[in-house]
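Colleague: In the numbering used here, the protein residues as written are 1 to 447. Yeah, the Cβ is synthetic: ideal placement off N, Cα and C, and Gly gets one too.
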Ligand code: ZN
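#1: Tell me residue 21's beta-bridge partners as DSSP assigns them.
#2: Can you round the beta-carbon distance between residue 221 and residue 181 to whole angstroms, since I take them to be within the 8 Å contact cut?
#3: Quick check: is any heavy atom of ligand 1 less than 6 Å from the C-beta of residue 451?
#4: Among 85, 185 and 224, whose alpha-carbon lies nearest the alpha-carbon of residue 155?
#5: Give the secondary structure of residue 11 by DSSP, where H, G and I count as helix, E and B as strand, and everything else as coil.
#6: For residue 339, does the count of other Cβ atoms within 10 angstroms reach 16, so buried, or fall short, so exposed?
#7: Any idea what DSSP makes of residue 66, helix, strand or coil?
#8: Starting from residue 174, trace the beta strand (DSSP E) in both directions and tell me its first and last residue.
#9: Can you pull the DSSP bridge partners for residue 250?
#10: Which of the three DSSP states, helix, strand or coil, is assigned to residue 152?
#11: Using three-state DSSP, classify residue 98 as helix, strand or coil.
#12: With DSSP as the reference, identify every bridge partner of residue 79, one or two as the case may be.
#13: Along the chain, where does the alpha helix (DSSP H) containing residue 238 start, and where does it finish?
#14: Tell me which residues share the same chain as residue 398 and place their Cβ nearer than 6 Å to its Cβ, disregarding the 5 neighbours each side in the sequence.
#15: Put residue 124 into one of helix, strand or coil per three-state DSSP.
#16: What residue range is occupied by the uninterrupted beta strand (DSSP E) comprising residue 263?
#17: If you pair each beta-carbon of the region 411-423 with each one of the region 385-394, do three or more pairs fall below 8 Å?
#18: Starting from residue 222, follow the beta strand (DSSP E) in both directions and report where the run begins and ends.
#19: Residue 172 and residue 22 look like a contact to me (Cβ under 8 Å); what is the Cβ gap, rounded to whole Å?
#20: Can you list, in chain order, the residues of its chain whose CB lies under 6 Å from that of residue 377, leaving out five sequence neighbours each side?
#21: Specify the secondary structure class of residue 106 as computed by DSSP and reduced to three states.
#22: Please state whether the Cβ-Cβ distance between residue 66 and residue 163 is less than 7 Å.
#23: Taking just the CA atoms, how far does residue 274 sit from residue 336?
#24: Taking the alpha helix (DSSP H) that residue 36 falls in, what are its first and last residues?
#25: Which whole-angstrom value is the C-beta distance of residue 350 and residue 314, which I expect to be below 8 Å?
#26: Going by DSSP in three states, residue 427 sits in which element: helix, strand or coil?
#27: Quick check: the Cα distance between residue 201 and residue 104, rounded to an integer number of angstroms?
#28: If you compare alpha carbons, which of 101, 430, 188 and 406 is closest to residue 231?
#29: Return the bridge partner residues of residue 365 from the DSSP annotation.
#30: Take the Cβ of residue 439 as the centre, count every other Cβ of all protein chains shown within 10 Å, and call the residue buried at 16 or more, exposed below.
#31: Do the region 96-112 and the region 72-82 touch if we need at least three Cβ pairs shorter than 8 Å?
Structure (structure tokens):
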């Protein structure tokens, strides 16, 4: 099984410590769906795991969408006539509506009001607002500060550029031993917000880095891209390889105190859905499984009916269901290292089971093959078989080509890891053969 180091408690805690360190470095950067903030973020990720990067020009079509103008920002503020900044982008990048067009105007408070955003119910938090696909500008502020504003006038400055440029995608690719592929997608577009979604970026980087030293069966692509337009652009550039895609996850929001949740793919019964439900049901995760709905993060694009891919989503509290969501209170203090570690264990186990899961065929199915002479069975009679011998018998019995290892684990009640070990031993003894891979690419045949 892959990623054994990350599936243990000690290993996952160490990985979470590293992930939190990366999050701390990424947190101050003002990211968006395009621009230098994403590039600087990927520079930090690239110190942890190797990345293939692509720059896709503005105007490039992606189905019904196109890559927008590139947005970059140097400064933004609202200042009184003495030049004192009453709202300052330098103090917090959530203060500017993300993707704001450049502006430099002097206005009264009354004229400014349509451009100001605050949360009356959470007067100490700055909201996160965007204006990606409609040219506009604005400021976000604590409601208590908004209430203290005098009538003005104020100078409103957004020193930004919206120009022809690029959208930046990155992939950390770990080559597998077979032609099957799987993806893990995480969005990179949020500015100084921690749970949503520096946790997703940091966990994906940790997993990619750990997987790189192993030899998975599937080729795993960890994709770092902006929400919505990033997955659309990735799909439009990779449509030719989707027939090889066996499984996939979107991940994010992995550090809050809420329970782990898996959201099913649109089909609801894919291998990803079965594996994630199996892993989350284990002690001590006690995670929840929810049905697909066409709202959320990038699973919306992967599961759109024209693709209908076997891709689900792992989060803790989903989008919009915790009070700090999309506000300045989603900072590093919201992220609990123990929860981040638990998320790493669950995603690592899900990847490991997805990668190992396969259908096998019994090549000696008339009567039981003699396991003892192949060194696979305890030689002492009378004591009854141990758990491993039970697993061997279950694999042989159900390896009729219709069951995968997860189904055998489910029917036998034996842990997937032991079923996988038994199947591998039987493959090495040439008693079963993997059906999901062409001959010569099987793990057991490489001797
Ligand atoms: Zn979000």
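Modeller: This is what the structure holds:
#1: DSSP, once it has assigned bridges, lists no residue as partnering residue 21.
#2: About 7 Å; that satisfies the 8 Å criterion.
#3: Coverage of the chain is limited to positions 1 through 447, which leaves residue 451 absent and any answer about it impossible.
#4: If we check each option's Cα against that of residue 155, 85 comes out closest.
#5: Residue 11: helix per DSSP, three-state reduction.
#6: Using a 10 angstroms sphere on the CB of residue 339, the tally of other CB atoms reaches 16 or more, which defines it as buried.
#7: Of the three classes helix, strand and coil, the one that applies to residue 66 here is strand, per DSSP.
#8: 166-174 is the span of the beta strand (DSSP E), which, as asked, contains residue 174.
#9: According to DSSP, residue 250 bridges with 185 and 313.
#10: When secondary structure is reduced to three states using DSSP, residue 152 falls in the coil class, being assigned neither helix nor strand.
#11: Reduced to three states, the DSSP call for residue 98 is strand.
#12: Residue 79 is bridged by DSSP to 85 and 155.
#13: Start and end: 229-238.
#14: The answer, listed in chain order, is 408.
#15: Of the three classes helix, strand and coil, the one that applies to residue 124 here is coil, per DSSP.
#16: Taken as a continuous stretch (DSSP letters only), the beta strand (DSSP E) holding residue 263 covers 261-263.
#17: The region 411-423 is in contact with the region 385-394.
#18: 219-225 is the span of the beta strand (DSSP E), which, as asked, contains residue 222.
#19: About 13 Å; that fails the 8 Å criterion.
#20: Cβ within range, chain order: 371 and 389.
#21: The answer is strand: DSSP assigns residue 106 an E or B state.
#22: No; because the gap between Cβ atoms is not below 7 Å, this pair is not in contact.
#23: Approximately 28 Å, taken between the alpha carbons.
#24: The continuous alpha helix (DSSP H) containing residue 36 extends over residues 36-46.
#25: Rounded, the Cβ-Cβ distance is 7 Å, consistent with contact.
#26: Note: residue 427 maps to helix in three-state DSSP.
#27: Looking at the backbone, the Cα of residue 201 and that of residue 104 are separated by about 35 Å.
#28: Closest option to residue 231, Cα to Cα, is 188.
#29: The secondary-structure analysis by DSSP pairs residue 365 with nothing; it has no beta-bridge partner.
#30: Low per-residue confidence applies at residue 439: pLDDT is 47, beneath 50, and the placement is therefore not dependable, though the value from the model is reported in the following sentence. Taking a 10 Å sphere around the C-beta of residue 439, we find fewer than 16 other C-beta atoms and assign the residue as exposed.
#31: Between the region 96-112 and the region 72-82, the count of C-beta pairs closer than 8 Å reaches three or more; the two stretches touch.
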